[in-house]
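Contents: one structure, followed by commentary.
2 protein chains.
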Amino acid sequence: MTATRLGGAEPAAIVRAEVTERAAWLRAAGRPPLLAIVTATDDDASAWYVRSIATAAGKAGIDCDVVDLGSAATAAEIGGRLTELSADAAVTGLMLQTPLPPRVALADVAAAIDPDKDVDGANPLSLGRLAAGLPAFAPATAAAVVALLDHHGIELAGRHAVVVGRSTVVGKPLAHLLLDRDATVTVCHSRTADLAAVTSTADVLVAAAGRTRLIGPDHVRPGAVVVDVGTNPTADGGLAGDVDPAVEGVAAALSPVPGGVGPVTTALLLQNVVRPMLD
Amino acid sequence: MTATRLGGAEPAAIVRAEVTERAAWLRAAGRPPLLAIVTATDDDASAWYVRSIATAAGKAGIDCDVVDLGSAATAAEIGGRLTELSADAAVTGLMLQTPLPPRVALADVAAAIDPDKDVDGANPLSLGRLAAGLPAFAPATAAAVVALLDHHGIELAGRHAVVVGRSTVVGKPLAHLLLDRDATVTVCHSRTADLAAVTSTADVLVAAAGRTRLIGPDHVRPGAVVVDVGTNPTADGGLAGDVDPAVEGVAAALSPVPGGVGPVTTALLLQNVVRPMLD
């Protein structure tokens with residue numbers, strides 16, 4: 128068997144086209160969309176990612192301000208700037224880039240992001256509203272997994288989805304999104320006793336642990352659908368997923384890295400910037 | 128095999144003794160603890176439950192005000208009263224009793240409860256903070272499941288916990304509490320394709336679906352630990368759990384209904400009223 132490729136370029140292009148149209152409409156209406164990105168790191172991969180968002184925003188007709196507070200920024204400085212930008216009527220979307228300086232917890236400072244502008248779902252209130260079934264922005268990566276599956280016609284209702292990874296930015300919100308779609312949902316992590324035994328029960332397996340090639344062919348039931356959220360830097364400057372490419376021989380479908388969840392994530396982030404305000 | 132009984136009376140008594148001591152200390156310090164309970168229903172079971180909380184509060188030295196808004200109350204009225212009570216310095220704990228009137232959603236109006244007084248974890252912000260690993264009050268029922276297991280020495284780390292039910296008040300917050308304790312966690316619900324196949328994989332099975340005898344012996348792996356959260360009214364005015372009593376013959380341990388999760392829930396609710404403020 129060779130797995131069908133769950134590519135992200137096509138769904139991302141569809142979303143970007145809608146975003147571009149809506150951004151032009153907002154600009155014509157005198158409400159130009161503006162994404163503000165706060166960073167506080169010297170991390171190269173992070174800088175690359177922020178530039179790629181800014182470029183994609185520009186192409187879609189969305190203005191983008193990058194506010195670099197430097198890697199020595201304190202929680203008070205970051206929270207203060209997020210509060211200011213939340214209050215700034217010109218800012219329509221606000222995102223805090225990770226990693227953050229040591230001793231600064233994302234969930235703590237992200238509480239300063241206005242939930243109506245919280246386009247990457249970082250404020251704990253956004254996560255709570257998502258879990259409670261209320262309107263809320265989901266973290267773009269978690270939403271991208273579901274959007275990618277939807278685009279490729281993968282059914283979720285009544286099926287068993289297993290998520291590997293329990294982070295606040297991917298694993299946990301994704302579990303809520305999958306529950307909301309009527310999947311039976313299992314969350315595994317580094318303390319799971321026999322990972323392969325659990326992942327082998329999945330109809331849909333999502334790898335979001337941040338560990339290169341954690342998921343091999345032995346972890347996958349033949350015919351399962353596998354989504355790879357991993358973006359682990361390689362020695363040669365590339366990206367490797369959490370899924371061993373050999374899984375192609377077992378799975379019915381597999382999302383590539385790069386070119387799978389990544390482009391959909393960026394597109395959905397921009398979509399959130401031009402979405403109408405939440406209730 | 129006859130399952131060990133995971134009784135709740137003993138752990139509840141231990142918690143109540145601590146609560147009573149702390150309430151006396153707070154009263155002596157001029158800060159008498161006061162639990163305000165807002166109700167908006169004619170439901171008999173609800174009225175019985177509120178009276179039982181008020182009685183337990185009184186015995187522990189906690190004052191209790193029941194604010195009955197009637198079953199015709201609007202969301203605006205309920206939210207407004209919760210805002211007032213949140214701002215009232217004399218109120219140290221604030222709880223909104225369910226069921227609510229038709230067209231009033233708990234998560235919506237509960238956003239008006241100050242998270243520092245949200246002793247039953249109903250505000251979506253409390254759920255989001257819980258999910259993000261920040262200090263927060265958990266819904267008392269969800270916390271009671273973990274406390275009951277702890278009291279009886281049931282290990283959670285690395286084990287597979289299966290929760291049946293995805294409600295915002297029990298199933299979802301409980302999933303986060305169990306993940307936080309390093310369990311691998313599966314959430315099942317009414318749309319799960321083959322419930323028995325999933326529940327049979329559990330080391331620890333929690334039934335929180337609100338359906339009498341949903342979980343029978345065929346749903347339980349021999350030797351599993353089963354916690355019954357169900358409190359379904361019976362024709363003769365009693366309470367039936369979600370678990371068929373015949374599960375006693377299969378499980379290693381089973382919590383009874385009544386007398387299991389219930390008393391621990393009330394004790395933990397009162398504990399939250401006298402807990403120091405969150406950060």
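If you read the sequences in order, they're chains A and B. In case it helps, the working numbering puts the first sequence at residues 128 to 406. In case it helps, the working numbering puts the second sequence at residues 128 to 406. Just so you know, even glycine gets a beta-carbon here, dropped at the ideal spot from N, CA and C.
So, does the CB of residue i fall closer than 9 angstroms to a CB anywhere in chain B?
i	result
Lys244(A)	no
Ala258(A)	yes
Leu254(A)	yes
Ala320(A)	yes
Val287(A)	Note on identity: in this sequence residue 287(A) is His, with Val being the wrong assignment. True, the Cβ-Cβ gap to chain B drops below 9 angstroms.
Ala269(A)	no
Val333(A)	no
Asp235(A)	yes
His303(A)	yes
Leu306(A)	yes
Val142(A)	no
Ala232(A)	yes
Ala401(A)	In the sequence as displayed, the identity of residue 401(A) is Val instead of Ala. Judged by the 9 angstroms Cβ criterion, Val401(A) is not in contact with chain B.
Thr328(A)	yes
Asp369(A)	no
Asp247(A)	no
Val325(A)	yes
Leu209(A)	no
Leu221(A)	no
Pro312(A)	According to the sequence displayed, residue 312(A) carries Val and not Pro. Chain B, which has a Cβ nearer than 9 angstroms to the Cβ of Val312(A), makes this yes.
So, at 6 angstroms on beta carbons, what are the nonlocal neighbours of residue i in its own chain, with the 5 sequence-adjacent residues on each side left out?
i	result
Gly188(A)	Thr147, Ala150 and Ala151
Thr268(A)	Val297 and Thr392
Leu305(B)	Ala288 and Val312
Asp169(B)	Ser198
Val354(B)	Val272, Val333 and Ser382
Leu252(A)	Pro242
Leu162(A)	Ala184, Ile189, Cys191, Gly220 and Val400
What are the residues that DSSP puts in a beta bridge with residue i?
i	result
Val370(B)	Ile342(B)
Thr311(B)	His287(B)
Thr131(A)	Ala380(A)
Asp195(B)	Thr166(B)
Val332(B)	Residue 332(B) is actually Leu in this sequence, not Val. Paired residues: Val289(B) and Val353(B).
Pro190(B)	A small correction: the amino acid at residue 190(B) is Asp; Pro does not occupy that position in the sequence shown. In the DSSP output, where bridge partners are listed per residue, Asp190(B) has Leu161(B).
Pick helix, strand or coil for residue i, following the three-state DSSP scheme.
i	result
Ile141(A)	helix
Val146(B)	helix
Gly376(B)	helix
Ile164(B)	strand
Asn250(B)	coil
Pro229(B)	coil
Val272(A)	helix
Gly220(A)	strand
Leu397(A)	helix
Asp245(B)	coil
Pro360(A)	strand
Asp321(B)	coil
Ile240(A)	coil
Ser294(A)	coil
Gly387(A)	coil
Ile180(B)	helix
Glu211(B)	helix
I'd like the list of long-range same chain contacts for residue i, defined as Cβ closer than 7 angstroms, with 5 residues on each side in sequence excluded.
i	result
Ala172(B)	Pro360
Val193(B)	Ile164, Thr166, Val177 and Ala181
Pro159(B)	Leu153 and Asp190
Leu395(A)	Val142, Ala267, Ala270, Ala271 and Ala274
Val314(B)	Val290, Arg293, Gly298 and Ala302
Asp195(A)	Thr166
Pro138(A)	Ala274, Leu275, His278 and Val391
Kindly indicate if chain A contains any beta-carbon less than 9 angstroms away from that of residue i.
i	result
Cys315(B)	yes
Lys299(B)	yes
Pro385(B)	no
Leu133(B)	no
Leu352(B)	The question names Leu, but residue 352(B) in the sequence shown is Val. Cβ-Cβ to chain A under 9 angstroms: no for Val352(B).
Arg293(B)	yes
Pro344(B)	no
Ala284(B)	yes
Thr225(B)	no
Val347(B)	no
Leu395(B)	no
Leu261(B)	yes
**Prompt:** Counting Cβ pairs closer than 8 angstroms, one from the region 368-385 of chain B and one from the region 217-235 of chain B, do we hit at least three?
**Reply:** no
**Message:** Would you call the region 276-286 of chain B in contact with the region 244-262 of chain B, where contact means no fewer than 3 C-beta pairs closer than 8 angstroms?
**Reply:** no
**Prompt:** Are there three or more Cβ pairs, one per stretch, closer than 8 angstroms when the region 235-242 of chain B is compared with the region 374-389 of chain B?
**Reply:** no
**the region 313-330 of chain B in contact with the region 336-343 of chain A per 3-pair CB rule at 8 angstroms** = no
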